[in-house]
Amino acid sequence: MTITRRISVFAATLLMAASALAQAPKTFEVATVKISPPLDVAKLQAQVQAGQMPKFGAHFDGRRAEYNYMTMQQLLIYAYKLKNYNIVGPDWLKTEHYDIVARLPEGTTSDDAPEMLKALLADRFKLTAHLEDKDQAVYALVVGKDGPKLKDSPEQPPVDLSAPLKAGEQKQDLPDGPAIISGNPAQGQANINMGERGVFLEKIDMQAQAIDISGKGVTIPGFVDMLNQVMQIGGPDAKQVVDRTNLKGHYEVALELNLADIIAAMRRSGVDIPNGGGGGGGPMGGPAAPAAGGIADAADPGGGSNSTVTSSVEKLGLKLESSRAPVQQLIVDHVDKTPTEN
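Here this note's numbering = 1-based position in the sequence shown + 22.
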């Protein structure tokens with residue numbers, strides 16, 4: 023073999039090796055996966071009374087990643103960067119909870135974590151799934167006939183993950199990006215700072231039996247995300263909201279939801295809520311995130327006794343219209359309920 027031929031073979035080998043490395047999925051350096059123990063209600067109530075928010079959801083601290091008390095559906099949402107309504111699979115995806123503690127490899131960041139989580143689910147739960155577009159009934163958010171009545175609001179600065187947390191603050195990685203969550207769960211208040219997407223304040227008014235959600239610096243995609251969170255409380259049959267407003271600014275927004283309707287919708291979807299209480303936190307993923315992620319029947323514009331969402335939207339000069347649109351779905355072909363041993 024000539025020298026030129028050897029160099030060519032060597033170069034081809036290097037290219038093949040580089041290609042294989044480029045295609046290899048990113049994985050956690052090490053990970054521990056456990057089925058979550060039952061919630062200690064007394065402990066949670068003590069935390070809430072002390073003004074502390076339970077540490078549910080995805081959290082990152084340097085190279086340490088934690089996924090606390092998350093259902094398989096929530097893990098899939100994070101890994102594939104989807105929403106509740108994008109996941110199609112067995113019912114237990116929404117009921118079984120897991121705790122995952124993992125270490126990110128040197129040189130990677132939380133931006134790489136979804137791909138690593140996807141690889142972990144395939145390895146430890148034998149997940150196989152595929153993405154598919156399906157034409158579905160949706161609600162289109164459109165501008166009302168008299169034009170938008172939105173008040174402009176300054177754009178919010180990005181979430182600074184390097185800044186030290188203030189008292190009562192908690193970092194959480196939501197499917198759409200990082201957020202700083204704070205508030206007083208005992209008083210039914212939560213503040214969700216999602217940076218450029220907007221800052222939301224949730225308040226439970228027990229006297230008025232209502233949940234007030236207000237936002238500043240909110241983009242329309244951020245508002246649509248919030249509407250979808252609200253819509254999904256009642257279960258998987260709720261329609262997705264899609265943006266057809268063509269509005270590009272940052273605005274003040276507000277929703278007023280009937281607390282009794284929300285609790286009823288959550289119970290219909292299988293959430294166990296004791297009589298006489300709605301808890302603290304709310305639809306956007308604050309302290310009560312494990313309870314649910316939105317409202318369906320009571321907020322559904324076609325549901326009759328559900329005027330709170332539609333009337334709140336109409337006050338902003340917007341409207342929810344029945345329509346159809348292609349919706350990307352993750353079809354879960356197989357996934358084990360019990361992970362392999364650590």
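Heads up, the beta-carbon is just placed ideally off N, CA and C, and yes, glycines get one too.
Spatial distance of K359 from L338 (CA atoms): 44 angstroms
message: Rounding to the nearest angstrom, what Cα-Cα distance links N206 and M94 in this structure?
response: 28 angstroms
query: Are the CB atoms of Q96 and G79 nearer to each other than 9 angstroms?
result: yes
task: Give the DSSP-derived three-state secondary structure of L143 in the structure shown.
output: Helix at L143.
task: Kindly indicate which residue of A282, P76, D198 has the alpha-carbon position closest to the one of D62.
output: P76
message: Quick check: Y102 and L352, are their CB atoms within less than 9 angstroms of each other?
response: yes
query: DSSP state of R219, grouped into three classes?
result: Helix, per DSSP.
field: Residue range of the unbroken beta strand (DSSP E) whose run includes N280
entry: 273-280
message: Quick check on T362: buried or exposed, where buried means 16 or more other Cβ atoms within 10 Å of its Cβ?
response: exposed
- request: Drop a sphere of 10 angstroms on the beta-carbon of A124, count the other beta-carbons inside from all chains shown, and report buried for 16 or more, exposed for fewer.
  value: buried
task: Kindly say whether L66, judged by its beta-carbon, lies nearer than 9 angstroms to any beta-carbon of chain C.
output: Among the chains in the structure shown there is no chain C, since it carries only a single protein chain.
task: Using DSSP bridges, identify the partner residues of R86.
output: D83, R125
task: Flag this pair as touching only if the stretch 261-269 and the stretch 217-228 have three or more C-beta atom pairs under 8 angstroms; answer yes or no.
output: no
task: Specify the secondary structure class of L115 as computed by DSSP and reduced to three states.
output: Note: L115 maps to helix in three-state DSSP.
task: Evaluate N215 with the Cβ neighbour count: other Cβ atoms within 10 Å of its Cβ, from every protein chain shown; 16 or more gives buried, anything less gives exposed.
output: buried
task: Could you please give the first and the last residue of the uninterrupted alpha helix (DSSP H) stretch that includes A230?
output: Going by DSSP, A230 is part of no alpha helix (DSSP H) at all; its letter is neither H nor E.
query: Which residue or residues does DSSP assign as beta-bridge partners of I109?
result: L352
- request: Specify, as a first and last residue, the run of the alpha helix (DSSP H) that D247 falls within.
  value: 242-253
- prompt: For S344, which three-state DSSP category applies?
  reply: strand
query: For M138 versus H119, is the C-beta spacing smaller than 9 angstroms?
result: no
task: Indicate whether K225 and E274 have their beta-carbon atoms separated by less than 9 angstroms.
output: No.
field: Nearest neighbour of D83, chosen from A185, V335, P170 [CA to CA]
entry: A185
task: Pick out whichever of F50, A201, V357, A260 has its Cα sitting closest to the Cα of L142.
output: F50
Close beta carbons around K173, own chain, < 6 angstroms, minus the five adjacent residues each side: E274
query: Taking Cβ to Cβ, would you say D157 is nearer than 9 angstroms to R346?
result: yes
field: Boundaries (first-last residue) of the alpha helix (DSSP H) holding A260
entry: Unbroken run through A260: none, as it is neither H nor E.
query: Which residues mark the beginning and the end of the beta strand (DSSP E) in which Q158 is found?
result: 150-165
message: Considering Cα atoms alone, identify which of D182, A232, T54, T130 is closest to F147.
response: T54
CB contact flag (E278, S334, <9 angstroms): Yes, they are a contact pair.
query: Does the Cβ-Cβ distance between D195 and H272 come in under 9 angstroms?
result: no
query: Does DSSP put A201 in a helix, a strand or coil?
result: strand
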